[in-house]
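Participant: One structure, pasted below without further comment.
Protein chains: 2
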Amino acid sequence: MFELHHTDPHTKARRGTLTTDHGTIDTPIFMPVGTVGSVKAVHQRALKDEIQAQIILGNTYHLYLRPGNEIMREAGGLHRFMRWDLPILTDSGGYQIFSLSGMRTLTEEGARFQSHLDGSSHLFTPENVVETQRILGSDIMMILDECPPYPADRDFVEKSMHLTHRWAKRGRTAFLNTKPLYGHRQMQFGIVQGGTYPELRKESAEFMASLGFEGLAIGGLSVGEPTELMLEITDQNTSVLPKEKPRYLMGVGTPSNLLHAVARGVDMFDCVMPTRNARNGTIFTGSGRINLLNAKWKHHHKPLDESFPSDLCACFSMSYIHHLFKTKELLGLELASKHNLTYYLRLMEEIRNRIDEGTFHGWYESAAAESEKKV
Amino acid sequence: MFELHHTDPHTKARRGTLTTDHGTIDTPIFMPVGTVGSVKAVHQRALKDEIQAQIILGNTYHLYLRPGNEIMREAGGLHRFMRWDLPILTDSGGYQIFSLSGMRTLTEEGARFQSHLDGSSHLFTPENVVETQRILGSDIMMILDECPPYPADRDFVEKSMHLTHRWAKRGRTAFLNTKPLYGHRQMQFGIVQGGTYPELRKESAEFMASLGFEGLAIGGLSVGEPTELMLEITDQNTSVLPKEKPRYLMGVGTPSNLLHAVARGVDMFDCVMPTRNARNGTIFTGSGRINLLNAKWKHHHKPLDESFPSDLCACFSMSYIHHLFKTKELLGLELASKHNLTYYLRLMEEIRNRIDEGTFHGWYESAAAESEKKV
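For the protein sequence lines, the chains are A and B, in the order given.
Per this note's numbering, the very first residue in the first sequence carries number 1; after that it's consecutive.
Per this note's numbering, the very first residue in the second sequence carries number 1001; after that it's consecutive.
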């Protein structure tokens, strides 16, 4: 279902398409995060028509807790529940168990955790996260993994990785022994772990590649390690991962990170950054980051950039946008969220075009540096 | 600028049009409240295209404090600031001084108050609220009035009313002696006070009618008095007010109140209820009010009413809408706010059509009773 069309001769950047029963995705691609069945502050229609998202991500941990599997099954899966007819990827909940749940216990069987909402106790196993994602009906599901913190010592990371590997085998078996519920096909991606230890990463990548997953994710990064290290590990991983499978770098990242990771052979990304930063008043532009709360915008009575296809840039003055954030108006959250996602999706489009045209390698480093500026 | 086309022979309901330089409004009309330059959670495009608002209201008190007159003047007025090219009515700030500001002192000169934001001291006078509304550039501005609480004794209300009358004369003089700043015409409406005392109300209505305002508002109601009393006072007031001027019942109200007030001769309304209730999870429908947080919607996997032109009703299942409110997703606030405003505007449209067709009198009381139900 993944077709690799073209690899940049100067970098490891790749152009491909990933075909699902809900449509074909052009890679490299960024997936907006719709945590609990909604990309925060953005209407599904805007996501499709204005932002032109090709695929979105749902969080199994959140959706399992609310609305829960019973409601989701009755609804006929996440596509129908949220009325989104393009592809959806769901994670396995592993990462949220480690980042959100206060209490958790890991055993061979799985991960027991307390809900961050009401303290109730739940068990995620490699098998039941497949079942939950069958109920969600995502086009791409992820295996249950353990995500070690950074820094963590080698012994801990190695043991954790081997647990993830055993879980991966069980997860793959569960996937192969069950069927989709709603008539459309589902894929399953493995997740490479191994912390920041190159040998472990290599072992994990080779192991995951051996299990026949439809795609492979690079997990356990963007958890506090320096950017250079994250990119180095990514680079090592993509050299080991099979060329014919899509590679998904989980939870990354800034526009600069996306550019550098594409150059290192990554095909898919997700991150809450565009929407979360938007709600805090930070927007991304081609010439850098802008703090909408900065008083300098008070007297700026023109649109920021009428050529950019977001309402924040083209329809309203910066003075008005600044005012919306000062007065905490909900419209400001909508406009900034839509702007940032539009920026991310347009960036990925430019990346794809430049790989096609052969101008990616001469451009991405300066584009990355530019995007890091503070305007 | 106001044309009275038709008066219902069975009730006092009126059909008219009010023409401003930003367009013609069909009356009776409801004006969505855009407190600080944004109708909360609703994009201007949705307000115009989906909700089909014909005129909106801005609050002078809020806009004077933020962004303030300097920015507003630089921007070229509120229409340009918020990119809204249909009519705008602004209040004078009188009501907010009494409802929001902790400290206030009334003198003959005007109302001194402390900002609810930072405690800074400000003075509103009959003259400077005209000036501020010249800067806002609203199509319709309101005079400064004192809004007495309910209940209040007759002496207090009478003294307060006479102060409002003296302010009204000064406000009208200031209006006639100043000019619009941005090339489009502005109107000024007087405000009838007199609490719940019929003789005072009559005196106030006659006095306000004598000053030549382009329209007249019924003020000081919907401040805690019983609905029956509010409607009785409204009925008495419209019997005194000149037929050829539009009548605006300030801050009212529920769908039922709108229906009953139209039957008593009111042409214009504003209220935060549709948007505020929406944010609390209450929506209005033709068959009553719905609490979106009610657990009974959890398993309701169909849209509420596919024939109603709001996304909340037609695009999403009630289970999903319920879920958005349970998880406090911003999309829920957008959908419910747009729904309630659409409901209010469609209700006014039906009212107008029924007055035209002569079916208003046989319908409005049952429609009002129906709208009060809890579904």
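C-beta atoms are modelled at their ideal positions from N, C-alpha and C, and glycine is treated no differently.
Per DSSP, which residues does Thr1275(B) bridge with? Please list them.
Facilitator: In DSSP, Thr1275(B) forms no bridge with anything.
Participant: Starting from the beta carbon of Pro1067(B), find every residue of chain A whose beta carbon is closer than 9 Å, and list them in chain order.
Facilitator: Within chain A, the residues near Pro1067(B) are Lys298, Ser319, Tyr320, His322, His323, Lys326 and Thr327.
Participant: Could you give the DSSP three-state label for Gln133(A): helix, strand or coil?
Facilitator: Gln133(A): helix per DSSP, three-state reduction.
Participant: Does the CB of Lys302(A) have a neighbour CB from chain B at under 7 Å?
Facilitator: Not closer than 7 Å to any Cβ of chain B, the Cβ of Lys302(A) fails to qualify, so no.
Participant: Going by DSSP in three states, Met250(A) sits in which element: helix, strand or coil?
Facilitator: In the structure shown, Met250(A) sits in coil (DSSP, three-state: anything other than H, G, I, E or B).
Participant: Is the beta carbon of Met1273(B) closer than 7 Å to that of Ile1029(B)?
Facilitator: No, they are not a contact pair.
Participant: Over what stretch of residues does the alpha helix (DSSP H) that includes Leu1176(B) continue unbroken?
Facilitator: Taken as a continuous stretch (DSSP letters only), the alpha helix (DSSP H) holding Leu1176(B) covers Arg1154 to Leu1176.
Participant: Alpha carbon to alpha carbon, how far is Ile1370(B) from Cys1271(B)?
Facilitator: Residue identity check: residue 1370(B) is Glu in the sequence provided, not Ile. Roughly 20 Å separates the two Cα atoms.
Participant: Quick one, which of Phe1002(B), Thr1020(B), Ile1140(B) and His1122(B) has its alpha-carbon nearest Gly1058(B)'s?
Facilitator: For the residues Phe1002(B), Thr1020(B), Ile1140(B) and His1122(B), the minimum Cα distance to Gly1058(B) belongs to Ile1140(B).
Participant: Give a yes or no on whether 7 Å exceeds the smallest Cβ distance from Val1129(B) to chain A.
Facilitator: Closer than 7 Å: no.
Participant: Hey, is Glu1074(B)'s beta-carbon within less than 7 Å of any beta-carbon in chain A?
Facilitator: At least one chain A Cβ lies under 7 Å of Glu1074(B).
Participant: Shortest alpha-carbon distance to Gln193(A) belongs to which of Tyr95(A), Glu350(A) and Thr359(A)?
Facilitator: That would be Tyr95(A), whose Cα lies nearest to the Cα of Gln193(A).
Participant: Go to Ile1097(B), then tell me how far its alpha helix (DSSP H) extends in each direction, as first and last residue.
Facilitator: Taken as a continuous stretch (DSSP letters only), the alpha helix (DSSP H) holding Ile1097(B) covers Gly1094 to Ser1099.
Participant: In angstroms with no decimal places, state the Cα-to-Cα distance between Ser1319(B) and Lys1296(B).
Facilitator: One C-alpha to the other measures close to 9 Å.
Participant: The segment 1077-1104 of chain B: which residues have C-beta closer than 7 Å to a C-beta of chain A, in chain order?
Facilitator: Under the 7 Å Cβ criterion, the segment 1077-1104 of chain B contributes Phe1081, Met1082 and Arg1083.
Participant: Around the C-beta of Asn376(A), are 16 or more other C-beta atoms found within 10 angstroms, so that it is buried, or is it exposed?
Facilitator: Given a span of 1 to 375 for chain A in the structure shown, any question on residue 376(A) remains unanswerable.
Participant: Helix, strand or coil, according to DSSP, for Met1230(B) in the structure here?
Facilitator: If DSSP states are grouped into helix, strand and coil, Met1230(B) belongs with the helices.
Participant: Given this structure, state the Cα-to-Cα distance separating Ile1218(B) from Ala336(A), to the nearest angstrom.
Facilitator: Roughly 40 Å between the two C-alpha positions.
Participant: Excluding sequence positions up to five away, which residues of its chain have a Cβ less than 6 Å from the Cβ of Met1082(B)?
Facilitator: Same-chain partners within the cutoff: Gly1037.
Participant: Which residues in chain B sit within 7 Å of Lys40(A), going by Cβ to Cβ distance?
Facilitator: Ordered by position in chain B, the residues that pass the 7 Å Cβ test against Lys40(A) are Glu1329 and Leu1330.
Participant: Taking the alpha carbon of Pro1149(B) as the point to measure from, which residue in Leu1163(B), Thr1090(B), Ser1222(B) and Arg1104(B) has its own alpha carbon closest?
Facilitator: It is Ser1222(B).
Participant: Tell me whether Glu372(A) is buried or exposed, calling it buried when 16 or more other Cβ atoms sit within 10 Å of its Cβ.
Facilitator: Counting Cβ neighbours within 10 Å, Glu372(A) comes out exposed, since fewer than 16 surround it.
Participant: Contact check, Leu333(A) vs Ala278(A) under 8 Å by CB: the rounded distance?
Facilitator: Confirmed, Cβ separation roughly 7 Å.
Participant: Helix or strand or just coil, what does DSSP make of Phe1002(B)?
Facilitator: In this structure, Phe1002(B) counts as strand in the three-state DSSP scheme.
Participant: So with CB distances below 7 Å, who are the chain A contacts of Phe1308(B)?
Facilitator: Chain A residues near Phe1308(B): none, gap ~16 Å exceeds 7 Å.
Participant: According to DSSP, is Phe1308(B) helix, strand or coil?
Facilitator: Of the three classes helix, strand and coil, the one that applies to Phe1308(B) here is coil, per DSSP.
Participant: Relative to chain A, which residues along the segment 1224-1238 of chain B have a C-beta separation below 7 Å, given in chain order?
Facilitator: If the cut-off is 7 Å between Cβ atoms, the segment 1224-1238 of chain B has nothing near chain A.
Participant: Does the beta-carbon of Pro1242(B) have 16 or more other beta-carbons within 10 angstroms, so that it is buried, or is it exposed?
Facilitator: Pro1242(B) comes out exposed.
Participant: Taking 7 Å as the threshold (C-beta atoms), are Met1142(B) and Phe1189(B) in contact?
Facilitator: In contact: Phe1189(B) and Met1142(B) (Cβ atoms closer than 7 Å).
Participant: Could you name each continuous beta strand (DSSP E) segment of 3 residues or more that falls completely within the segment 1036-1099 of chain B, going from the start of the chain to the end?
Facilitator: The segment 1036-1099 of chain B contains these whole beta strand (DSSP E) runs: 1056-1058 and 1088-1090.
Participant: My understanding is that Arg247(A) touches Gly265(A), with C-beta atoms under 8 Å, so please give their C-beta distance in whole angstroms.
Facilitator: Indeed, because the Cβ distance is near 6 Å, the residues count as touching under 8 Å.
Participant: Within the continuous beta strand (DSSP E) that includes Ala1295(B), where are the two ends?
Facilitator: Neither: Ala1295(B) is in no beta strand (DSSP E) and is coded neither H nor E.
Participant: In terms of alpha-carbon separation, which member of Gly215(A), Phe213(A) and Leu258(A) lies closest to Asp377(A)?
Facilitator: Residue 377(A) is absent from the structure shown; chain A starts at 1 and stops at 375.
Participant: At which residues does the alpha helix (DSSP H) containing Phe207(A) begin and terminate?
Facilitator: Start and end: Pro198 to Ala209.
Participant: Locate the beta strand (DSSP E) running through Met404(A), then write down its first and last residues.
Facilitator: Absent from the structure is residue 404(A), since the part of chain A shown begins at 1 and ends at 375.
Participant: Between the alpha carbons of Glu70(A) and Ile191(A), how many angstroms are there, rounded?
Facilitator: Near 27 Å, if we compare the C-alpha coordinates of Ile191(A) and Glu70(A).
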